[in-house]
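Q: One structure follows; several queries about it will come next.
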């Protein structure tokens, strides 16, 4: 009774402003960890392992000078993309920044197409013209691969705009990092996305460091899931080292967005084991810090444990998966090393679509 | 069998470094991700992680060694026998070793397949340069579609022509929509989108918040997704907040994706100086955008061109920057009354024939050039006036052809002189029309200052017909 006083009829235009603390805005429920079958767990394990081995191989090829420029590895963060993207349908689209190799593999893009792009070859997904940070596959609804920090957030809102405009039932999954979360255009996109109820999930992959700057040295509000509050976008903070938590969050977020309730923010607390890029010696954190995360929170080891303890998976099962993935990754690396560079004539193609 | 671990490069330019410290010793088992060594260069120290798994068989370079060349084998790892084949599927000279613990010595023959295969013989790809050269030669003569005899010409303002162009294309293609500040309910800050909301509704005519960077990104993303957005900037001055998406996201995408991901979007709005609005609201961005490969840049002068070129821009598969001029919005011109008036992009128009001098311009400068040509005619000088219409790709052929006839060239541009379209034309003429020149190419541009507010200073800063007449007299050596 005290909380809901009877409203006396007030003259129009004279209603007192609602107290934001007391508004009864609907909120998403707290997501529950996904209850995966053994087959699903094995698939998560395999997908995460593929990303890790792929990235290790990419790091190795970088070290040998076969990959140039910037190369940002996803090692440590695998559970985020695997958990989230396992919940998507063919109608949905994915966009991210430059730490993009893992997301691409999960969109179904063959590893050799990605690896050959990293080595700058004609057979690469962008014909060798994009490189690690600029890869796309319209066929697999993967829209980049963007090198400008935060650009993918507005662009993702545009993809969501397209889903709504065409009524195709799709949702855009737009990833960005804790660093990008401080870019102005992110909030411009938040505003429009909520205003127009666009079907988009804003995924903040909070790996704790924007290059070398830790979140609390860069963000006045370091609880990034709250960053949508002033736009009325609800946010959830999720353990991004737990693939089942990630998948559970994806289920909740997709249900929210598909019900037409507008965008939602998922802050995925995660950690990258490697430097920001291959040329980052990562002196801003201690080796102990990295080692502690690897020892206690590794997402792949966690799934492996669950598989052994609850589902009776044996060491031979893991070895077989490991071998299969290593073979696949090695083949993609061999291909990427041996397939030819672009023909010099390719320099001039694809600048424009039409002739004028 | 053993795996050779080589000295890694910490950056693409690194050639050698110091092996500062080993964190493993012979006999240790390593897993991928384990830190094996610290490598130093003059710039940084980095930890060197294991990728392959196995037992450290032999350390070949002692810690503390300086000047270790990238690619030098620094350690040999004995892998598990069962993984030997897959781990080395690229190596032709791999030696099979069936023992579970490989013998490091047995693998001396492991060849440097990486270096050998990195630069294989190139296969010819039958695309590319030929297409580019063909396009650059401008051999395919594109000219304006003929207006059938007896076609009614109607007087229309540039504003109405632009609106009609959008309305016609929106009727024809459901993917086309308009977004921007005040484009819907307010009917356009300069009334260019007047009536569109009534006809097409708020799904396709969308008022945005004042958030240029954001909505330019939303529009670009929608284009990447397959729609055909028309993004209106209240003026192009405000598009500076959005220039990242216009250039980095829209212009480069097709190239960076190897031709897979298109971005058919039109960014349009008024550009250049308006009247007494001061420096921040008076700038010509033509040269900025025209310098960017991957963009089409159009800057029409009259209503017929505004309509025909905006329709072409909306239909194009490429991102287009469409630069209008606020001062011209209310000016009326004849427009052919045809169901589908579409003009070719990349083709200049000869506005007036002449034999004594060529005056090249675009946008509002064309009006001043025509006025100057009238004045010059009264003094017996026949000027040929060319409207570039498209700034990228530039129709250099039409300019050079005219120069070959008149041997004198003046470029008129309502914008700053430095790194301008006028500079570009001058460079093209130096490279390709030098022998046709009887006088230096002159540029008539705004003064090289931010545009002042005071009426007298503003007038001094902007181009005028008199300044054009003076330049023409110089190149024709008349007093």
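Residue numbers (the UniProt record's numbering), protein chains in the order written: chain A, 1 to 356; chain B, 1 to 479. Every residue, glycine too, gets a C-beta built ideally from N, C-alpha and C.
Give the secondary structure of residue 334 of chain A by DSSP, where H, G and I count as helix, E and B as strand, and everything else as coil.
A: Helix.
Q: Is the separation between the beta-carbon of residue 297 of chain B and that of residue 360 of chain B shorter than 7 Å?
A: Their beta carbons are not under 7 Å apart, which means residue 297 of chain B does not touch residue 360 of chain B by this criterion.
Q: For the region 291 to 302 of chain A, enumerate the residues whose C-beta is nearer than 8 Å to any C-beta of chain B, in chain order.
A: Residues 294.
Q: So what's residue 201 of chain A in DSSP terms, helix, strand or just coil?
A: In this structure, residue 201 of chain A counts as strand in the three-state DSSP scheme.
Q: Cβ atoms of residue 286 of chain B and residue 343 of chain B: under 7 Å apart, would you say?
A: Not closer than 7 Å, so no.
Q: Where residue 3 of chain B and residue 305 of chain A are concerned, what is the direct C-alpha to C-alpha distance, given to the nearest angstrom?
A: Between residue 3 of chain B and residue 305 of chain A, the C-alpha separation is close to 29 Å.
Q: Does DSSP put residue 359 of chain A in a helix, in a strand, or in coil?
A: As shown, chain A starts at 1 and ends at 356. That puts residue 359 of chain A outside it, with no answer to give.
Q: Does any residue of chain B bring its CB to less than 7 Å from the CB of residue 157 of chain A?
A: It does; some Cβ of chain B falls within 7 Å.
Q: Could you give the DSSP three-state label for residue 268 of chain A: helix, strand or coil?
A: It is a strand residue.
Q: Do residue 152 of chain B and residue 234 of chain B count as a contact pair if the criterion is CB distance below 7 Å?
A: Cβ atoms of residue 234 of chain B and residue 152 of chain B: not closer than 7 Å.
Q: So with Cβ pairs under 7 Å, would you call residue 352 of chain A a contact of chain B?
A: Taking Cβ atoms only, chain B reaches closer than 7 Å to residue 352 of chain A, which makes this a yes.
Q: Along the chain, where does the beta strand (DSSP E) that runs through residue 333 of chain B open and close?
A: Run containing residue 333 of chain B: 332 to 336, per the beta strand (DSSP E) assignment.
Q: Using a beta-carbon distance below 7 Å, is residue 51 of chain A in contact with chain B?
A: Answer no: the Cβ-Cβ gap between residue 51 of chain A and chain B never drops below 7 Å.
Q: Give a yes or no on whether 7 Å exceeds the smallest Cβ distance from residue 197 of chain B to chain A.
A: No, residue 197 of chain B lies away from the interface with chain A (no Cβ there is under 7 Å from its Cβ).
Q: DSSP three-state call for residue 198 of chain B: helix, strand or coil?
A: If DSSP states are grouped into helix, strand and coil, residue 198 of chain B belongs with the helices.
Q: Rounded to whole angstroms, what's the CA-CA distance from residue 390 of chain B to residue 318 of chain B? Just pull it up for me.
A: C-alpha separation (whole angstroms): 14 Å.
Q: Excluding the 5 residues flanking residue 355 of chain B on each side, which residues of the same chain have their C-beta closer than 8 Å to its C-beta?
A: Once the five neighbours on either side are set aside, the close Cβ partners of residue 355 of chain B are 382, 384, 405, 406.
Q: Between B/146, B/33, B/392, B/52, which lies nearest to residue 290 of chain B when the distance is taken from Cα to Cα?
A: Nearest of B/146, B/33, B/392, B/52 to residue 290 of chain B, Cα basis: B/392.
Q: Classify residue 1 of chain A as helix, strand or coil using the three-state DSSP reduction.
A: The predicted model places residue 1 of chain A with a pLDDT of 39, which falls under 50 and marks its position as unreliable; any figure quoted below should be read in that light. Three-state result, residue 1 of chain A: coil.
Q: Residue 178 of chain A and residue 203 of chain A look like a contact to me (Cβ under 8 Å); what is the Cβ gap, rounded to whole Å?
A: Rounded, the Cβ-Cβ distance is 12 Å, inconsistent with contact.
Q: How would you label residue 215 of chain B, buried or exposed, when you count the other beta carbons within 10 angstroms and need 16 or more for buried?
A: Residue 215 of chain B is buried by the Cβ-count criterion.
Q: Please list, in chain order, the residues of the region 277 to 296 of chain B that have any C-beta partner in chain A closer than 9 Å.
A: Under the 9 Å Cβ criterion, the region 277 to 296 of chain B contributes 293, 294, 295, 296.
Q: Do residue 335 of chain A and residue 112 of chain A have their CB atoms nearer than 7 Å?
A: Cβ distance < 7 Å, so residue 335 of chain A and residue 112 of chain A count as in contact.
Q: Is residue 16 of chain B near residue 68 of chain B, with beta carbons less than 7 Å apart?
A: Yes; because the gap between Cβ atoms is below 7 Å, this pair is in contact.
Q: Roughly how far, in whole angstroms, is the beta-carbon of residue 165 of chain B from the beta-carbon of residue 43 of chain B, given that I think they are within contact range, below 8 Å?
A: So it is not a contact: roughly 55 Å between Cβ atoms.
Q: Select from A/123, A/240, A/136 the residue whose C-alpha is nearest the C-alpha of residue 83 of chain A.
A: When each option's Cα is compared against that of residue 83 of chain A, the closest is A/240.
Q: Between residue 150 of chain A and the rest of its own chain, which residues show a CB-CB distance below 7 Å, the 5 nearest in sequence each way excluded?
A: 176, 180, 183, 185, 186.
Q: Alpha carbon to alpha carbon, what distance is there between residue 114 of chain A and residue 28 of chain B?
A: Distance between the alpha carbons of residue 28 of chain B and residue 114 of chain A: 33 Å.
Q: Answer yes if the region 332 to 351 of chain B comes into contact with the region 187 to 200 of chain B, meaning at least three C-beta pairs across the two stretches below 8 Å, and no otherwise.
A: With the cut-off at 8 Å, the region 187 to 200 of chain B and the region 332 to 351 of chain B do not touch.
Q: Taking all protein chains shown into account, decide if residue 62 of chain B is buried (16 or more other Cβ within 10 angstroms of its Cβ) or exposed.
A: The residue in question, residue 62 of chain B, is exposed, as its Cβ has fewer than 16 Cβ neighbours within 10 Å.
Q: Measure the CB-CB distance between residue 255 of chain B and residue 129 of chain A and report whether it falls below 7 Å.
A: Cβ atoms of residue 255 of chain B and residue 129 of chain A: closer than 7 Å.
Q: When DSSP labels each residue in this structure, what does residue 40 of chain A get in the three-state scheme?
A: Helix at residue 40 of chain A.
Q: Strictly below 7 Å CB to CB, what residues from chain A border residue 255 of chain B?
A: Per Cβ cutoff of 7 Å: 129, 350, 351.
Q: Identify, in the order they occur along the chain, each residue of the same chain with its Cβ nearer than 8 Å to the Cβ of residue 202 of chain B, setting aside the five sequence neighbours on each side.
A: Hits under 8 Å: 184.
Q: Any chance you could list the alpha helix (DSSP H) runs of at least 4 consecutive residues sitting entirely within the region 363 to 433 of chain B, in chain order?
A: Counting whole runs of 4 or more residues, the region 363 to 433 of chain B contains the alpha helix (DSSP H) stretches 364 to 378, 396 to 406, 421 to 432.
Q: How is residue 134 of chain B classed by DSSP in three states: helix, strand or coil?
A: Confidence in residue 134 of chain B is poor, its pLDDT being 42 and thus under 50, which makes the residue's placement unreliable; the coordinate value appears in the next sentence. The answer is helix: DSSP assigns residue 134 of chain B an H, G or I state.
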